Structure formats: C-alpha cells, structure tokens
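J.:
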Amino acid sequence: MKVLVVGSGGREHSLCWAIAKSPLCSALYCAPGNAGIADVATLVPIGAEDVDAIVRFAQDSAIDFVVVGPEGPLVLGLVDRLNAIGIKAFGPSAAAAALEGSKGFMKDILAKYGVPTAFYGRFTDAEAAKAYVRQHGAPIVVKADGLAAGKGVTVARTQEEAFAAIDDALIGGRFGAAGAEVVVEEFLDGEEVSFFALCDGENALPMASAQDHKAVGDGDTGPNTGGMGAYSPAPALTPELQARVMREIVEPTVKGMAAEGRPFKGVLFAGLMIVQTPDGPTPKTLEFNVRFGDPECQTLMSRLESDALAALVAAADGALDRIDLRWSDDTALCVVMAAQGYPGDYLKNTEIKGLDAANAVDGVTVFHAGTKRAEDGRVLSVGGRVLGVTARAATVAAAQAAAYRGVDALDWPGGFCRRDIGWRAVGR
Numbered sequence: 001m002k003v004l005v006v007g008s009g010g011r012e013h014s015l016c017w018a019i020a021k022s023p024l025c026s027a028l029y030c031a032p033g034n035a036g037i038a039d040v041a042t043l044v045p046i047g048a049e050d051v052d053a054i055v056r057f058a059q060d061s062a063i064d065f066v067v068v069g070p071e072g073p074l075v076l077g078l079v080d081r082l083n084a085i086g087i088k089a090f091g092p093s094a095a096a097a098a099l100e101g102s103k104g105f106m107k108d109i110l111a112k113y114g115v116p117t118a119f120y121g122r123f124t125d126a127e128a129a130k131a132y133v134r135q136h137g138a139p140i141v142v143k144a145d146g147l148a149a150g151k152g153v154t155v156a157r158t159q160e161e162a163f164a165a166i167d168d169a170l171i172g173g174r175f176g177a178a179g180a181e182v183v184v185e186e187f188l189d190g191e192e193v194s195f196f197a198l199c200d201g202e203n204a205l206p207m208a209s210a211q212d213h214k215a216v217g218d219g220d221t222g223p224n225t226g227g228m229g230a231y232s233p234a235p236a237l238t239p240e241l242q243a244r245v246m247r248e249i250v251e252p253t254v255k256g257m258a259a260e261g262r263p264f265k266g267v268l269f270a271g272l273m274i275v276q277t278p279d280g281p282t283p284k285t286l287e288f289n290v291r292f293g294d295p296e297c298q299t300l301m302s303r304l305e306s307d308a309l310a311a312l313v314a315a316a317d318g319a320l321d322r323i324d325l326r327w328s329d330d331t332a333l334c335v336v337m338a339a340q341g342y343p344g345d346y347l348k349n350t351e352i353k354g355l356d357a358a359n360a361v362d363g364v365t366v367f368h369a370g371t372k373r374a375e376d377g378r379v380l381s382v383g384g385r386v387l388g389v390t391a392r393a394a395t396v397a398a399a400q401a402a403a404y405r406g407v408d409a410l411d412w413p414g415g416f417c418r419r420d421i422g423w424r425a426v427g428r
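The sequence shown maps to residues 1 to 428 in the UniProt record's numbering.
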C-alpha cells in the first residue's frame with residue numbers, strides 16, 4: 001500500500017516509524033512531517049488542516065490509505081472527503097469526531113448511554129453558568145465546548161476562578177467560536193489515566209493504557225501543557241479496571257454512536273479518572289479524544305509488537321474481529337524536550353545537536369515533534385514541544401533511566417524537560 005500520514009508531531013513520527021516496518025507498506029508519505037519523519041517517509045509540504053490540498057495529493061499520487069494524526073482535520077471532515085473519492089482512511093467521520101470537537105455533545109452522549117462521568121451543565125449564558133457554579137460550589141471545572149488547542153479547560157479551586165473562566169470564554173471571546181458555549185462540570189479527584197481502543201464502527205479492540213504528565217514542572221507544578229512525558233502501561237489501570245473500562249465506557253460509547261447514526265471508526269482515546277469510592281477504585285470518563293494522544297502514542301507504538309498498519313486498516317475496514325494485538329511486557333517511557341519558555345512564548349530556530357548520540361543509547365528512540373531541517377543540514381526547533389526521547393525496558397525504572405541517558409546525550413541549550421517522568425509508577 002501507498003500510505004499517507006497527516007500531521008507533524010511526535011505522534012505522527014511514531015506512527016510513521018511503526019507503519020514503515022509493516023510489510024504491507026510499499027511507500028510512505030507524511031504531510032507536512034518534520035525533520036525526524038523525513039528519515040522514514042517522504043515529506044509533502046501541505047498543512048494538516050489544508051483538507052482540499054491533502055485530498056488532491058492523495059488522489060494525484062494514488063494513495064491507498066491515509067492515517068489522520070491530529071483532531072483538527074478529523075473535525076473538518078478529511079476522512080469523509082477521502083472516503084467520498086474511494087480512498088480508505090483511518091479516523092472518524094466529522095459526525096463521529098464531534099466526540100472531541102464538542103465537549104457538550106460528548107457529555108450528552110455519555111449521559112444518554114449511561115457511561116460514568118462527572119455531572120455537568122451546558123451554558124451559552126454567563127449568568128446561568130455562574131448560578132450553576134454557586135449551586136455546586138468549588139472546586140469545579142469550566143471547559144470551552146470546542147477545540148481550543150488544549151487550553152480551554154480551567155480547574156477552578158474557587159468560585160471566583162470559575163467566574164473568571166466563564167467570563168473569559170462567553171464574554172471576552174478568548175477561544176472564539178470554540179468558547180461560545182461552556183461545559184461546567186464536577187471536579188473529580190483521583191489518578192488520571194489514558195486508555196486507547198481501536199474501533200471499527202461496531203467492534204472495539206483494547207490497545208493499552210498510558211499515563212501522561214500535563215504540568216510543565218517537576219512534581220506536577222506550573223501551568224498545564226500538551227504533555228511533558230508519558231509511560232505505558234499505567235499500573236493504576238489494573239487488568240480488572242481495564243476490563244471495566246471496556247465494558248462500562250468504551251463499548252457503550254461505540255454502540256451509542258452507532259445508534260446515533262455516527263458510527264465511530266478510528267482510535268477512541270478515553271481520558272479517565274480513577275476515583276476512590278466505597279466500592280473501591282472506579283473509572284470515570286473525563287473526556288474522549290478521537291485520535292492518539294501525544295506523547296502517549298510514542299509509548300504505545302514502542303510497545304506494539306503487531307503490524308501497526310494491518311491494525312489501522314482493519315479498523316477502517318470494519319474487520320477488527322479478525323485482529324489480535326500483541327504487546328511487549330516492557331514499559332515504554334517518553335520524556336518530552338520542550339523549547340525554553342514553553343508553554344508561554346518559547347524560543348524558536350535553536351539548533352539541536354547530539355541526536356545520533358541520543359538514538360545510540362540502548363533502547364532509546366528519539367521521536368521528533370517541532371523540528372525542521374535547515375538547508376545546511378542542521379536540525380532546528382520550530383515548536384513548543386520539540387522531541388520525545390522514548391525508551392523501552394523491562395521495568396519502568398529501567399525505562400526512565402534509559403530515557404534520561406538519551407536526554408543527557410543531547411546538546412540543546414535551547415530546550416528543557418521534566419526530570420521526574422514516571423514518578424508515580426516508579427514509586428509503586
């Protein structure tokens with residue numbers, strides 16, 4: 001197959017890295033890609049959300065299969081457009097991508113089909129939203145309804161913080177159309193875990209768990225980011241809890257979406273909170289995403305021992321009942337190297353050296369996110385999150401040690417990382 005991967009982040013680099021190993025893949029392209037992806041795929045200079053240009057390229061180049069990485073082009077209907085001209089694609093339709101594109105829609109689906117989640121209200125009027133906050137008290141969570149590049153969620157410790165977040169979105173227009181409605185919901189306390197399942201519209205096949213580290217600083221301090229590191233599997237999600245997640249969360253959602261006439265194909269990424277209740281640890285749904293997580297994808301692809309491309313094609317074909325995924329028992333751990341200043345204004349176009357030395361560390365693969373190659377061959381940083389130094393080893397402590405050996409082999413004064421990725425699992 002001739003395969004096109006859409007996107008330019010660490011998620012897309014790890015997907016390209018896994019797909020390139022498949023005997024089914026005869027040619028691999030990535031639009032727009034990055035400096036690291038260029039080592040395994042031919043880069044196509046088209047932005048991920050330029051749907052018209054991507055469809056044109058896929059048609060002109062006789063692409064057989066498209067893997068859509070980010071949520072933006074999914075919500076814009078890229079998969080629908082490709083399917084309409086007979087090109088297979090991995091990812092949900094625009095109608096099904098509303099699970100991520102609208103938090104209000106997602107919460108309504110969970111409520112309708114009995115999926116455990118936080119109680120909530122949907123509001124377009126600021127005063128009504130504030131009345132709901134007064135009724136329920138703080139801490140409480142305020143979310144912009146639409147896609148806000150990971151910046152639309154406020155965990156308000158006080159009512160005043162919640163009021164400010166409501167005003168920001170509904171009156172100040174901080175998130176534009178994405179914030180024209182807000183979801184105000186219960187604050188869930190517990191341990192957060194990511195879980196991934198492949199879906200083909202009818203069936204759901206469990207993949208693996210991971211745990212992300214959102215805060216920018218060691219000890220989970222500082223502002224939230226798109227993710228500063230992750231590891232898989234997450235010990236907090238025991239086999240018993242994973243079975244419950246499939247039975248109580250993933251399968252009812254897939255059945256519900258089919259009943260709504262929006263069959264869900266692709267990967268369902270459940271953001272979960274493991275809440276301690278009188279009946280023991282209980283998984284509740286914080287959110288759904290309709291694509292692989294970044295940096296969780298890097299750890300999943302490092303542990304996956306099956307043919308990644310065959311599995312993605314089976315999801316698109318409605319044939320997951322014929323697929324059996326094999327996973328390494330090892331732990332994979334990814335440390336994100338970000339540009340100085342991230343998640344605020346960050347340095348750009350700083351040179352990254354030592355990549356070969358980092359990749360030479362036993363068990364380490366460096367996945368690129370925000371990089372480009374200059375005309376003189378140097379690798380430069382162009383994003384906030386720039387590299388995902390990923391290690392696979394027999395234990396989480398060994399994977400952590402190897403990943404940081406990889407980090408220390410890099411020569412990049414313009415970058416920084418957290419030094420405690422995996423701390424919960426190591427502590428266990």
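The beta-carbon is built from N, C-alpha and C at its ideal position, and this holds for glycine as well.
In this text the structure is predicted, and so the values were computed from the model without any measurement.
Answer with buried or exposed for D329, where buried requires no fewer than 16 other C-beta atoms within 10 angstroms of its C-beta.
T.: By one-based count along the sequence shown, residue 329 stands at place 329. The residue is exposed, with fewer than 16 neighbouring Cβ atoms inside 10 Å.
J.: Using a Cβ-Cβ cut-off of 7 Å (strictly less than) and excluding sequence neighbours within five positions of S8, which residues of its own chain qualify?
T.: As a working mapping, residue 8 is identified with position 8 in the sequence shown. The residues are P32, G33, N34 and A48.
J.: Considering only residues of the same chain and omitting the five flanking positions on each side of R174, which have a CB-CB separation below 6 Å?
T.: Against the sequence shown, residue 174 aligns to sequence position 174. So the list reads D168, once near-sequence residues are dropped.
J.: Can you tell me whether F163 is helix, strand or coil according to DSSP?
T.: Working through the sequence shown from its first residue, we reach residue 163 at position 163. The answer is helix: DSSP assigns F163 an H, G or I state.
J.: Rounding to the nearest angstrom, what Cα-Cα distance links L309 and M207 in this structure?
T.: Taking the sequence shown and counting its residues from 1, the one referred to as residue 309 is at position 309. Taking the sequence shown and counting its residues from 1, the one referred to as residue 207 is at position 207. For L309 and M207, the distance between alpha carbons rounds to 14 Å.
J.: Applying the 10 Å Cβ sphere with the 16-neighbour rule, what's the burial state of N349?
T.: Locating residue 349 in the sequence shown gives position 349, where the first residue counts as 1. By the neighbour-count rule (16 or more Cβ atoms within 10 Å), N349 is not buried but exposed.
J.: CA-CA distance, residue 470 and E100?
T.: Outside the displayed range of the chain (1 to 428) lies residue 470, so it cannot be described from this structure.
J.: In this structure, does DSSP put E191 in helix, strand or coil?
T.: Residue numbering aside, residue 191 sits at position 191 when the sequence shown is read from its first letter. E191 falls in the strand class under three-state DSSP.
J.: Quick check on this structure: which residue in D189, R419 and R373 has the alpha carbon closest to the alpha carbon of D218?
T.: Looking up residue 218 in the sequence shown gives position 218. Measuring from the Cα of D218, the nearest candidate turns out to be R419.
J.: With 16 other CB atoms within 10 Å as the buried threshold, where does I171 fall?
T.: Reading the sequence shown from its first residue, position 171 is the one you call residue 171. Exposed, since its Cβ has fewer than 16 Cβ neighbours within 10 Å.
J.: Where does R257 sit, in a helix, a strand or coil, going by DSSP?
T.: Your numbering for residue 257 matches position 257 in the sequence shown. Just to set this straight, residue 257 is Met in the shown sequence, not Arg. M257: helix per DSSP, three-state reduction.
J.: Is there contact here, the segment 96–113 with the segment 139–149, by at least three beta-carbon pairs under 8 Å?
T.: Yes, since at least three Cβ pairs between the segment 96–113 and the segment 139–149 fall closer than 8 Å, the two stretches touch.
J.: Just to confirm my understanding: we take A177, look at its own chain, exclude 5 residues before and 5 after, and list those with CB closer than 6 Å. What are they?
T.: On the sequence shown, residue 177 is found 177 positions in, with the first residue counted as 1. If we look at A177 and ignore the five residues flanking it on each side, it has no Cβ neighbours.
J.: Between F119 and the rest of its own chain, which residues show a CB-CB distance below 6 Å, the 5 nearest in sequence each way excluded?
T.: Residue 119 sits at position 119 when you count from the first residue of the sequence shown. Closer than 6 Å at Cβ, skipping near neighbours: E186.
J.: In whole angstroms, what is the alpha-carbon distance linking A369 and K143?
T.: Along the sequence shown, one-based indexing puts residue 369 at 369. Along the sequence shown, one-based indexing puts residue 143 at 143. Cα-Cα distance, rounded: 26 Å.
J.: Express the C-alpha separation of P73 and F57 in angstroms, rounding to a whole number.
T.: On the sequence shown, residue 57 is found 57 positions in, with the first residue counted as 1. On the sequence shown, residue 73 is found 73 positions in, with the first residue counted as 1. Going from the Cα of F57 to the Cα of P73 covers about 15 Å.
J.: What's the call for F226, buried or exposed, on a 16-neighbour Cβ count within 10 Å?
T.: If you number the sequence shown from 1, residue 226 lands on position 226. The sequence given here places Gly at residue 226; Phe does not occur at that position. Under this definition G226 is a buried residue.
J.: Less than 7 Å between C-beta atoms, sequence neighbours within five positions excluded: which residues of the same chain meet that for residue 430?
T.: Outside the modelled stretch of the chain, which goes from 1 to 428, sits residue 430, for which no answer is possible.
J.: My understanding is that R373 touches S302, with C-beta atoms under 8 Å, so please give their C-beta distance in whole angstroms.
T.: Residue mapping note: residue 373 aligns to position 373 of the sequence shown, counting from 1. Residue mapping note: residue 302 aligns to position 302 of the sequence shown, counting from 1. About 24 Å; that fails the 8 Å criterion.
J.: Could you tell me how far apart the beta carbons of F269 and S194 are, in whole angstroms, since I believe they sit closer than 8 Å?
T.: Here the question's residue 269 lines up with position 269 in the sequence shown. Here the question's residue 194 lines up with position 194 in the sequence shown. 6 Å between Cβ atoms; contact.
J.: For K130, which of helix, strand or coil comes out of DSSP?
T.: As a first step, residue 130 is located in the sequence shown; it is residue number 130 there, counting from the start. Here K130 sits in helix by DSSP.
J.: From the DSSP output, in three-state form, read off residue 441 for me.
T.: Shown here, the chain extends from 1 to 428; a query on residue 441 therefore has no answer.
J.: Do L333 and Q400 come within 8 Å of each other at the CB atom, strictly closer than that value?
T.: Mapped onto the sequence shown, residue 400 falls at position 400. Mapped onto the sequence shown, residue 333 falls at position 333. In contact: Q400 and L333 (Cβ atoms closer than 8 Å).
J.: DSSP on S302, reduced to helix/strand/coil?
T.: For this step, residue 302 is matched to residue 302 along the sequence shown. Of the three classes helix, strand and coil, the one that applies to S302 here is helix, per DSSP.
J.: Is the beta carbon of G150 within less than 7 Å of some heavy atom of the ligand ATP?
T.: The ligand ATP is not part of the structure shown, which contains no ligands of any sort.
J.: So, is D307 buried or exposed, given that buried needs 16 or more other C-beta atoms within 10 angstroms?
T.: Numbered from its first residue, the sequence shown carries residue 307 at position 307. Buried: at least 16 other Cβ atoms inside 10 Å.
J.: Note the first and the last residue of the continuous beta strand (DSSP E) segment covering I323.
T.: Along the sequence shown, read from residue 1 onward, the residue named residue 323 stands at position 323. Premise fails: I323 is in no beta strand (DSSP E) and is neither H nor E.
J.: Check I336 in the structure and name its three-state DSSP category.
T.: For this step, residue 336 is matched to residue 336 along the sequence shown. In the sequence as presented, Ile is not what sits at residue 336; that position holds Val. Strand at V336.
J.: Note down the Cα distance separating G77 from A316, rounded to an integer number of angstroms.
T.: Numbered from 1 along the sequence shown, position 77 holds the residue referred to as residue 77. Numbered from 1 along the sequence shown, position 316 holds the residue referred to as residue 316. One C-alpha to the other measures close to 15 Å.
J.: What three-state label does DSSP hand V142 in the structure shown?
T.: As a working mapping, residue 142 is identified with position 142 in the sequence shown. Of the three classes helix, strand and coil, the one that applies to V142 here is strand, per DSSP.
J.: On the three-state DSSP scale, how would you describe A118?
T.: Position 118 of the sequence shown holds residue 118. Looking at A118 - three-state DSSP - the assignment turns out to be coil, as it is neither helix nor strand.
J.: How is the beta strand (DSSP E) around P281 delimited, first residue to last?
T.: The sequence position of residue 281 within the sequence shown is 281, counting from 1. Taken as a continuous stretch (DSSP letters only), the beta strand (DSSP E) holding P281 covers G280 to N289.
J.: Ignore the nearest five residues each way along the sequence and tell me which others in E251's own chain have a CB closer than 8 Å to its CB.
T.: Residue numbering aside, residue 251 sits at position 251 when the sequence shown is read from its first letter. Hits under 8 Å: A204.
J.: Restricting to Cα atoms, I'd like to know which of H136, C297 and R424 is closest to A18.
T.: Taking the first residue of the sequence shown as position 1, residue 18 is located at position 18. Nearest C-alpha to A18: C297.
J.: Along the beta strand (DSSP E) that carries M273, what are the first and last residues, could you check?
T.: Taking the sequence shown and counting its residues from 1, one reaches residue 273 at position 273. First-last of the beta strand (DSSP E) with M273: K265 to T277.
J.: Take T371 as the anchor and find which of A402, M337 and K214 has the nearest alpha-carbon.
T.: The residue labelled residue 371 in the question sits at position 371 within the sequence shown. Among A402, M337 and K214, the Cα nearest to that of T371 is on M337.
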